[in-house]
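One structure below.
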Amino acid sequence: MEAILYICHGSRVKKACEQAIDFIKKCMDQNPVPIQEYCFLELAAPTIEEAYERCVQRGATKIFVLPVLLLTAVHAKEDIPNELEQIRKRFPNVEMVYGRPIGVHHHMIDILIERLHETREKLSEDSMVLLIGRGSSDPDVKRDLTQIAKLLKRKAGLNRVDTCYLTAAKPGLEEALFTAKQSSYKKIFIIPYLLFTGILMNTIEKTIKARFADGQKEYILCDYLGYHPLIGNILKERFTELSRGIENVSYYA
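In this text, residue positions in the sequence shown follow UniProt numbering: the first is 1, and each later residue adds one.
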């Protein structure tokens, strides 16, 4: 019997975990697989091992693992696969297939454009956009977010889209905001490329108010990505990739 295991990042903020769970439950309704469980990589329960074991207890003989992560970073490439490998040894008769994270996808560009339009502020010649990623030491994160910025610039017809990171990568938030401040653009639309708020959204708001709200520029903070229905569509695609045995995914059996 087949199962899907959704792995979310996890947060110390209860509301963030609740948002993730509500979203995954909606994703479960879109997939006809009889066994479906969710878990968190860190900071919240159930753990990956607990949810994996629950799949097996419910009769799973093949588990499709979907990382609910925005970009391809160390969590997706190392942390989760390493943990799954250890768990798999406990259940050698259960086949396990590991899928891709959300990554670069045209639906993500649509969500970003929606976030811009929600502000009801006009995107004009004197407007630019700043995408804020969580950040990682993994170069693939910068590669992916840069590609997303290019796609957004092209699809939305923007003059300029910059990227920055909250941690572990450069440019940092303050550096990017300073660069935007020095530019000729009057309106700076800021989009947090985050699935949930946690404490990071507060950090962004405080930084803008404390250091850059001086009246010279208009800083427009858009809503974060959130668990948009289009992300559910992407996860469904990721499951379809696995079920059809499409290459570019990781297999353990």
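By construction, the Cβ of each residue, glycine as well, lies at the ideal position given by its N, Cα and C atoms.
Unbroken beta strand (DSSP E) runs of no fewer than 3 residues, entirely contained in the stretch 80-168, are found at 95-98, 127-133 and 161-165, following chain order.
Remark: C-beta atoms of I190 and I220 approach each other more closely than 8 Å.
Rounded to the nearest angstrom, the gap between the Cα atoms of L152 and K170 is 20 Å. In this structure, the beta-carbon distance from K26 to G232 falls below 8 Å. Excluding its 5 nearest sequence neighbours in each direction, R115 has C-beta neighbours in its own chain below 6 Å: I191, C222 and D223, listed in chain order. In the structure shown, T203 adopts helical secondary structure according to DSSP, grouped into three states. Counted as a single uninterrupted DSSP element, the alpha helix (DSSP H) harbouring V56 occupies residues I48 to Q57. For R154 and H228, the gap between their C-alpha atoms comes out near 22 Å. If you draw a 10 Å sphere on the C-beta of T72, you find 16 or more other C-beta atoms in it, and that means buried.
When DSSP states are grouped into helix, strand and coil, C222 belongs to the coil group. Separation of G135 and E42 (C-alpha to C-alpha, rounded to the nearest whole angstrom) is 17 Å. About 21 Å separates the CB atoms of Y193 and G99; that is not less than 8 Å, and the two are not in contact.
Taking 8 Å as the cut-off, the beta carbon of V94 is found closer than this to the beta carbon of I63.
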